[in-house]
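Undergrad: Numbers given in my numbering equal positions in the sequence shown, counted from 1, plus 48.
Quick one: this structure, given as structure tokens, is what I'll be asking you about.
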Amino acid sequence: MMEYLIGTSRVDPRYGQEPDLEHRYQPVHLLDEVLDAGLHLSLRSYLVRGALVELEIYRRMEQVRTKYLKFLGVVSSLKAIRGVESKQAVVMPVPRAFKVNGLRRELEESNRKTRRLDEDPQERDRAIA
49 MMEYLIGTSR VDPRYGQEPD LEHRYQPVHL LDEVLDAGLH LSLRSYLVRG
99 ALVELEIYRR MEQVRTKYLK FLGVVSSLKA IRGVESKQAV VMPVPRAFKV
149 NGLRRELEES NRKTRRLDED PQERDRAIA
């Protein structure tokens, strides 16, 4: 595959030798096939941080939504106490089931991506083999 991508074969002597068992899973050996190991590690770190930020934003949006619904309940009860007609009272928005399920699926997918990116490289290699 590397020959196809860059047009040369591997003639570097380090590719001909198998690393020691104790050093086999160090990032240098795992990323030999990656053209730019530093870029690969930076992107991996960036993706993990992105998933964590996404999770935090989702959690905060849930907090805002919960507080909004509580506030709406207080407003509607105050209007009911003051004698406002029921038709004029604030109508509580009912979240649509498909929207809630879609958000739940997105959250689960984000959690799976985060766990997959946080896995130890050894475990990932064992899972592939």
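Cβ atoms here follow ideal geometry from the backbone N, Cα and C, with glycine treated the same way.
A quick note: this is a predicted structure, and the numbers were derived from the prediction, not measured.
1) Applying the criterion that 16 or more other CB atoms from any shown protein chain within 10 Å of the CB defines a buried residue, is A99 buried or exposed?
2) Going straight from the alpha carbon of S125 to that of K118, what length do you get?
3) Identify, in the order they occur along the chain, each residue of the same chain with its Cβ nearer than 8 Å to the Cβ of L87, setting aside the five sequence neighbours on each side.
4) Have a look at T114 and T162 and give me their C-alpha separation to the nearest angstrom.
5) Taking S158 as the reference, which of Y106, L91, V122 and Y116 has the closest Cα?
6) Just confirm the distance between the C-beta atoms of L165 and L95, as a whole number of angstroms; I'd bet it's less than 8 Å.
TA: If we stick to the structure as given:
1) Numbered from its first residue, the sequence shown carries residue 99 at position 51. That one is buried.
2) Here residue 125 corresponds to residue number 77 of the sequence shown, with the count starting at 1. Here residue 118 corresponds to residue number 70 of the sequence shown, with the count starting at 1. Approximately 11 Å, taken between the alpha carbons.
3) Taking the first residue of the sequence shown as position 1, residue 87 is located at position 39. Annotation for L87: no residue places its beta carbon closer than 8 Å to its own, counting only its chain and skipping 5 residues before and after.
4) Position 66 of the sequence shown holds residue 114. Position 114 of the sequence shown holds residue 162. Cα to Cα, the separation comes out at about 25 Å.
5) Numbered from its first residue, the sequence shown carries residue 158 at position 110. The option with the nearest alpha carbon to S158 is Y106.
6) Your numbering for residue 165 matches position 117 in the sequence shown. Your numbering for residue 95 matches position 47 in the sequence shown. Rounded, the Cβ-Cβ distance is 6 Å, consistent with contact.
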